[in-house]
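Heads up, the thing below is written out as structure tokens.
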Amino acid sequence: MIVWVSNVSILLLFTAILAATYRLVVGPTVADRAVALDAIMVHILALIVVFAIRESTPDYLDAAMVIAILSFLSTVAIGKFMKKGVIIDRSAD
Amino acid sequence: MIEALTSLFLLIGVFFSVVGTLGLLRMPDVYNRIHALSKASSLGVVSILIASSIHFLTHSSAFSMKELAILVFLYLSNPVGAHAILRASYLVGVPLSERTVGDALKHEKSTHHE
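Note that the protein sequences, when read in sequence, are chains A and B. Per this note's numbering, residue 1 is the first one in the first sequence, and the count goes up by one each step. Per this note's numbering, residue 94 is the first one in the second sequence, and the count goes up by one each step.
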């Protein structure tokens, strides 16, 4: 049963990733594209976790952890880039 | 029994993720979009991670803390990332939807020097 449920979950998560890709291509502003990229990262994380459940091996969770960290850092970096034009600034704020 | 519980959490998580992405597609401007997406997909991913935790608690020989670490990190980092994007887009001047009722930060924005 768990394999069947995992297959359905993977299918639905792929649909969600496709929808977020639509927003990434169409999205009128840069912020929309950043939000869409964040959504794609989070859904890929969910996809990896579901795949780990389906295959019953916890090794894939390392990749999920790395993707969680990368998703947060890239979102914050895009936000800082949108606000100031630079990502790392050493001026006192 | 355990398998049914895992499947239930998995389906709840996938449901919330898909609903959040539906909000990303349907909402009128970026503020509404991230408002719909960030909370719903946080709950979805956390539910999927709980399902994974239950599954590996019963199927794996060693108890692993990885799911819990990812869960805590996502629960802390997802709202912070959403806030960073939203603050940046408001300060840059991404337009609000024409159906917006009020903008409480309008005066602060005009006197903002950054």
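Each residue gets a CB set at the ideal place from its N, CA and C atoms; glycine is no exception.
- Contact of Arg-90 (chain A) with chain B is not assigned, every C-beta pair being separated by 9 Å or more.
- The continuous alpha helix (DSSP H) containing Ala-144 (chain B) extends over residues 123–152.
- Around the C-beta of Gly-174 (chain B), 16 or more other C-beta atoms lie within 10 Å, and the residue is accordingly described as buried.
- Contact annotation for Ala-129 (chain B) against chain A: no contact, minimum CB-CB distance about 10 Å [criterion: below 7 Å].
- Shown here, Gly-106 (chain B) sits in a helix according to DSSP, grouped into three states.
- Contact residues of the region 20–44 of chain A toward chain B are Ala-20, Tyr-22, Arg-23, Gly-27, Pro-28, Thr-29, Val-30, Ala-31, Asp-32, Ala-34, Val-35, Ala-36, Asp-38, Ala-39, Val-42, His-43 (C-beta to C-beta distance below 9 Å).
- Residue nearest to Thr-75 (chain A) within the set B:Ser-100, B:Ile-127, B:Leu-103 is B:Ile-127 (criterion: CA-CA distance).
- Setting aside the 5 residues that flank it on each side, Thr-21 (chain A) is surrounded in the same chain by Ala-36, Ile-40, each with a C-beta closer than 8 Å to its C-beta; the list follows chain order.
- Neighbours of Glu-160 (chain B) across chain A, judged by C-beta separation under 9 Å: Val-49, Pro-58, Leu-61, Ala-64.
- Annotated three-state conformation of Leu-13 (chain A) is helix, per DSSP.
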